[in-house]
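Participant: I am attaching a structure below and will ask some questions about it afterwards.
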């Protein structure tokens, strides 16, 4: 009987230590890293060349390994094959959501970094020329003095467009096509609502996609049939 009580006591201690260990791991993750999601709340992984790769039984162990590795600023964890990928040579990342890939990414917290910064860099399609008439993009909202990439994206998202064009620091365009006047180099104006972001120039559009590249749908959670690096109409899925 005494042995049984002793055995139960050992099980209690073991379960307590296991719980404390799990809580400690969760604390390290939440305090040091944030999970990367796109604007639709979908898990987005870094689409870059991997520096280091391991096998881990859980995403927690993957993040713990990254936190202990020199220079590791981001890690991907693939649930399907338990692969943990480290990125040690970059501080900015392109990200993307693929419905066929069970993956989540964690980025190291730094002063002022935001989960959406990487999202916008991955959706940026370039700087394109515009003219007075006809405009490159049909929907046009002017004098949006608090314009940011986020507010421009939200307007075009609600109206079910595929692309966003930001111009002159305060003009917001939406369309399902872009670039009829060619590539430009004048997207130097700061956004009215965020001076650290660029919102086009005088007759130049900073163009972004509403969905991650290779995705379409109202919630941007369907794969374009033309491949993961193509652009397709947000509603039809046809290649643009």
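Numbering (mature numbering (1 follows the signal peptide of the UniProt record, and there is no 0)), first residue to last: -22 to -1, 1 to 218.
Backbone N, C-alpha and C fix where the C-beta goes; we use that ideal spot for every residue, glycine too.
(1) Assuming residue 103 and residue 194 are in contact, meaning their beta carbons sit under 8 Å apart, how far apart are those beta carbons, in whole angstroms?
(2) Using beta-carbon positions only, say whether residue 108 and residue 158 come within less than 7 Å of one another.
(3) Can the beta-carbon of residue 66 be found closer than 7 Å to that of residue 29?
(4) Tell me the DSSP secondary structure of residue 20 in three-state form.
(5) Where does residue 212 sit, in a helix, a strand or coil, going by DSSP?
(6) Can you tell me whether residue 149 is helix, strand or coil according to DSSP?
(7) Quick check: residue 100 and residue 73, are their CB atoms within less than 7 Å of each other?
(8) Quick check on the DSSP output: the alpha helix (DSSP H) that includes residue 205 runs from which residue to which?
(9) Considering residue 103, what are the terminal residues of the beta strand (DSSP E) in which it resides?
(10) At the level of alpha carbons, what is the spacing between residue 182 and residue 148?
(11) Please classify residue 160: is it buried, with 16 or more other beta-carbons within 10 angstroms of its beta-carbon, or exposed?
(12) Kindly indicate which residue of 203, 210, 169 and 165 has the alpha-carbon position closest to the one of residue 154.
(13) Measuring CB atoms only, is the segment 36 to 45 touching the segment 117 to 132, in the sense that at least three cross pairs come out at less than 8 Å?
(14) Would residue 196 be called buried (16 or more neighbouring beta carbons within 10 Å of its own) or exposed?
(15) Which ranges does the beta strand (DSSP E) cover as unbroken runs of at least 3 residues, wholly within the segment 16 to 61, from first to last along the chain?
(16) Here's the rule: buried if 16 or more other CB atoms are within 10 angstroms of the residue's CB, otherwise exposed. What is residue 150?
(17) Label residue 213 either buried or exposed according to how many other C-beta atoms from any shown protein chain fall within 10 Å of its C-beta, with 16 as the threshold for buried.
(18) So, for residue 216: in the same chain, excluding its five sequence neighbours on each side, which residues have a beta-carbon less than 7 Å away from its beta-carbon?
(19) Am I right that residue 22 and residue 75 are in contact with their C-beta atoms under 8 Å? What's the rounded C-beta distance?
(20) At the level of alpha carbons, what is the spacing between residue 142 and residue 97?
(21) Locate the beta strand (DSSP E) running through residue 81, then write down its first and last residues.
Facilitator: In this structure, then:
(1) Incorrect: roughly 15 Å between the Cβ atoms, too far for contact.
(2) Cβ atoms of residue 108 and residue 158: not closer than 7 Å.
(3) Contact: yes.
(4) In the structure shown, residue 20 sits in coil (DSSP, three-state: anything other than H, G, I, E or B).
(5) DSSP places residue 212 in coil when its eight states are reduced to three.
(6) Strand, per DSSP.
(7) Taking a C-beta distance under 7 Å as the contact criterion, residue 100 and residue 73 qualify as a contact pair.
(8) Secondary structure note for residue 205: it is in no alpha helix (DSSP H), with a DSSP letter that is neither H nor E.
(9) Residues 102 to 107.
(10) Spanning the two alpha carbons is a distance of roughly 12 Å.
(11) Residue 160 should be labelled exposed.
(12) The residue from 203, 210, 169 and 165 with its alpha-carbon nearest to that of residue 154 is 210.
(13) As far as the Cβ criterion goes, the segment 36 to 45 does not touch the segment 117 to 132, which means the pair count is below three.
(14) By the neighbour-count rule (16 or more Cβ atoms within 10 Å), residue 196 is not buried but exposed.
(15) Taking only runs of at least 3 residues, the beta strand (DSSP E) segments lying wholly in the segment 16 to 61 are 30 to 33 and 52 to 56.
(16) Burial call: buried.
(17) Around the CB of residue 213, fewer than 16 other CB atoms lie within 10 Å, so the residue is classed as exposed.
(18) Same-chain partners within the cutoff: 210.
(19) The pair is a contact, with the Cβ atoms about 5 Å apart (cut-off 8 Å).
(20) The alpha-carbon atoms of residue 142 and residue 97 are separated by roughly 14 Å.
(21) Judged by DSSP secondary structure, residue 81 falls within the beta strand (DSSP E) whose first and last residues are 81 to 86.
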